[in-house]
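Numbering-wise (my numbering), the sequence shown opens with residue 5 and increments by one. Beta carbons: idealized from backbone N, C-alpha and C, even for Gly. For clarity, every value in this text was computed on a predicted model and none was experimentally measured.
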Amino acid sequence: MAYVDGFVVPVPRDRLEDYLTMSRACGAIWRELGALEFRECVGDDVKPGKWTSFPQAVDLQDGELVVFSWIVYESRARRDEINDKVMNDPRMKQYMDPQKMPFDGKRMIYGGYELKIDL
């Protein structure tokens, strides 16, 4: 069964195009190195909850949007192989500098998930 890395990211509205440009470049690298899918979704109907929500989880600030993203792999083992290649790819270096990222990486939420239902 497939394996999925999921992300929730706070992105400043005025940096959204920078973020999407970065994501397109990084996504192309992930796909080239074996990821099956690379998706980025910009929040359109994402309200703060009473106890918890995506905006609360990333401490969303005024002028920011929530971006929900995922990458699909054949398996956890392939994900680990691909991510190792991606992180060591010299093309990724320019995107790894926290000072240049078009978002606050400290407030990004991410994790790996084993796919159990695929309808």
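For the alpha helix (DSSP H) that residue i lies in, which residues bound it at each end?
i   : result
Y23 : 20-36
F58 : 58-61
With a threshold of 16 other CB atoms inside 10 Å of the CB of residue i, please say whether the residue is buried or exposed.
i    : result
E68  : buried
D101 : exposed
Y114 : exposed
Roughly how many whole angstroms lie between the Cα atoms of residue i and residue j?
i    : j    : result
A6   : V90  : 19 Å
M105 : Y99  : 7 Å
I75  : V12  : 12 Å
D18  : G109 : 16 Å
A32  : M96  : 11 Å
R43  : R83  : 15 Å
L198 : P16  : The question about residue 198 has no answer, for the chain in this structure spans 5 to 123.
F107 : D122 : 31 Å
L20  : Q103 : 16 Å
S73  : A29  : 15 Å
Along the chain, where does the beta strand (DSSP E) that runs through residue i open and close?
i    : result
V46  : 41-46
V15  : 7-16
I113 : 113-118
Excluding the five sequence neighbours on either side, which residues of its own chain have a C-beta within less than 8 Å of the C-beta of residue i, listed in chain order?
i   : result
S57 : V50, K51
I86 : W34, L37, G38, A39, Y77
For residue i, collect the residues of the same chain with a Cβ closer than 7 Å to its Cβ; drop the 5 residues on either side in sequence, then sort them by chain order.
i   : result
S27 : E44
P59 : V50, P52, V70
Suppose the cutoff is 6 Å on Cβ atoms and the five residues either side in sequence are ignored; what does the same chain contact list for residue i look like?
i    : result
D9   : I75, G116
R111 : P14, V62, D63
- Sequence ranges, alpha helix (DSSP H) only - wholly within the segment 53-108, length at least 4: 58-61, 80-92
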